[in-house]
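Chemist: Handing you this structure, nothing more for now.
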Ligand SMILES: Cc1cc2nc3c(=O)[nH]c(=O)nc-3n(C[C@H](O)[C@H](O)[C@H](O)COP(=O)(O)OP(=O)(O)OC[C@H]3O[C@@H](n4cnc5c(N)ncnc54)[C@H](O)[C@@H]3O)c2cc1C
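Residue numbers (the working numbering): 50 to 360.
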């Protein structure tokens, strides 16, 4: 066991974790942030226009700025890459186990985000990364002058379609609802983009291919007279699943969707254990809301430690 006891360990190196680290450092808390993928989900978009203070920047730029800001307090904040595999409460401390080490801390801020929700239809597994993708910014380039589709109706589905349209000759958005829920500026861009075609009230029932790649998809409702749509790429944007298992195993309460329940102080049911960002049960999940929850978590952790010392 390392002799150092942290005031807080932040699990997750996305924007929520970085926000928490900045504030914890500012409050003079001995802080360790451990995250698997530096920057997290926001780096998957090249267009962030709704983070106050910056009218437009890429997700990578936003993540880098937040990380740099946290490291302004480098006398207090350490950032490590790593995966946490277990958490346990021992007396009034927490033991945090990574794949290689274990650490001791008075408080935990859990900001592990989410993983993609998968489209469970035949062909999905077989063509993963051979035509089936989750990140238009990462893989859109492979569909230069080809036909591709985005499945989903959220703002990120709309943004994925816009990124894809920069490369592909045609992009379908296939959504089971009757109107995509993109933010108005993105909806306007989608509707104005001649390469993008919206197919509503439709589900994909199968992804078909030739063994090497995707060649078409089957739909449950005929589109322009056919239930088969020829294309080479399918980008799935049908939502996310909270990565809360490790917290849950440590006794943290989650809702029916597996999201960690927090109150307005980012507190969970376990004293000293806080959570923030996409992994929590908030209805609106964005970079700014995750950062705010992270900052609140850091302040709550600071108060918790202060109150303990005062006893
Ligand atoms: C395509 C797309 C576009 C988007 N566009 C915008 C936008 O324009 N504006 C906006 O505000 N939001 C946008 N969002 C939403 C935004 O990206 C998220 O709300 C935000 O990034 C969530 O941050 P987070 O830190 O809570 O989680 P994440 O960014 O998911 O970060 C979680 C971190 O935890 C790590 N982690 C997970 N499990 C472990 C473990 N066991 N051990 C260690 N580390 C672990 C991950 O590797 C990662 O580093 C977009 C999302 C998508 C998908």
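Virtual Cβ for every residue (Gly too), placed ideally from N, Cα, C.
Going by beta-carbon coordinates alone, are residue 222 and residue 241 separated by less than 9 Å?
Modeler: No, the Cβ-Cβ distance between residue 222 and residue 241 is not below 9 Å.
Chemist: What are the boundary residues of the alpha helix (DSSP H) that includes residue 266?
Modeler: That residue, residue 266, is in no alpha helix (DSSP H); its beta strand (DSSP E) goes 263 to 272.
Chemist: Which term fits residue 145, buried or exposed, when burial requires 16 or more other beta carbons within 10 angstroms of its beta carbon?
Modeler: Buried, since its Cβ has 16 or more Cβ neighbours within 10 Å.
Chemist: What's the gap between the Cα of residue 50 and the Cα of residue 142?
Modeler: At residue 50, the pLDDT of 47 sits below 50, so the modelled position is not reliable; the number obtained from the coordinates is stated separately. Answer to the nearest angstrom: the Cα atoms are 13 Å apart.
Chemist: For residue 376, does the count of other Cβ atoms within 10 angstroms reach 16, so buried, or fall short, so exposed?
Modeler: Lying before the first or after the last residue shown, residue 376 is absent from the chain, which here runs from 50 to 360.
Chemist: Compute the minimum distance between the beta carbon of residue 335 and the heavy atoms of ligand 1, and state whether it is under 8 Å.
Modeler: Correct: residue 335 has its Cβ closer than 8 Å to ligand 1.
Chemist: Buried or exposed, going by whether 16 or more other CB atoms sit within 10 Å of the CB of residue 336?
Modeler: By the neighbour-count rule (16 or more Cβ atoms within 10 Å), residue 336 is buried.
Chemist: Cβ of residue 307 within 8 Å of any heavy atom in ligand 1?
Modeler: Checking the Cβ of residue 307 against ligand 1 gives no.
Chemist: Report yes if the CB atom of residue 80 is closer than 9 Å to the CB atom of residue 291, and no otherwise.
Modeler: Not closer than 9 Å, so no.
Chemist: Distance check for residue 64 and residue 109, CA to CA, integer angstroms please.
Modeler: Using only the alpha carbons, I get a separation of about 10 Å.
Chemist: Quick one: what's got a C-beta closer than 8 Å to residue 170's C-beta in the same chain, skipping five residues either side?
Modeler: Closer than 8 Å at the Cβ level, and outside the excluded window around residue 170, lie 253, 254, 255 and 256.
Chemist: Quick check on residue 277: does DSSP put it in helix, strand or coil?
Modeler: Here residue 277 sits in strand by DSSP.
Chemist: Hey, out of 350, 66, 272 and 190, whose CA is closest to residue 329's CA?
Modeler: The residue with the shortest Cα to Cα distance from residue 329 is 66.
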